[in-house]
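Numbering (this note's numbering), first residue to last: 5 to 65. First the structure, in the form of structure tokens, and then the observations on it.
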């Protein structure tokens, strides 16, 4: 599954890059963390595992 996100303003992208860098991570990981942060802990673990599995599958391709 692939999701394309198009942000119209360079300011938003640069802000995300800066915040991700400050957190010691990449933009995609930073956004993923934001998405699961407020989730139920069990659901957060499921989302992390699914995300990790997708990254493994992409790396194998």
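Glycine residues also receive a C-beta, built at the ideal position from the N, C-alpha and C atoms.
Determine the direct distance from the alpha carbon of residue 35 to that of residue 55, and round the result to whole angstroms. To locate residue 55, count along the chain shown from 1; it is residue 51. To locate residue 35, count along the chain shown from 1; it is residue 31. Using only the alpha carbons, I get a separation of about 12 angstroms.
Note down, in chain order, each residue of its chain lying with its Cβ closer than 8 angstroms to the Cβ of residue 40, except the 5 sequence neighbours on either side. Start at 1 with the first residue of the chain shown, and residue 40 comes out as number 36. Answer for residue 40: 47, 48, 51, 52, listed in chain order.
So, at 6 angstroms on beta carbons, what are the nonlocal neighbours of residue 20 in its own chain, with the 5 sequence-adjacent residues on each side left out? Within the chain shown, the letter at position 16 stands for residue 20. Same-chain partners within the cutoff: 31.
Same chain only: Cβ atoms within 7 angstroms of residue 37, ignoring 5 sequence neighbours per side: On the chain shown, residue 37 is found 33 positions in, with the first residue counted as 1. Within the same chain, residue 37 has no close Cβ partners at all.
Along the alpha helix (DSSP H) that carries residue 25, what are the first and last residues, could you check? The sequence position of residue 25 within the chain shown is 21, counting from 1. For residue 25, the enclosing alpha helix (DSSP H) starts and ends at 14 to 26.
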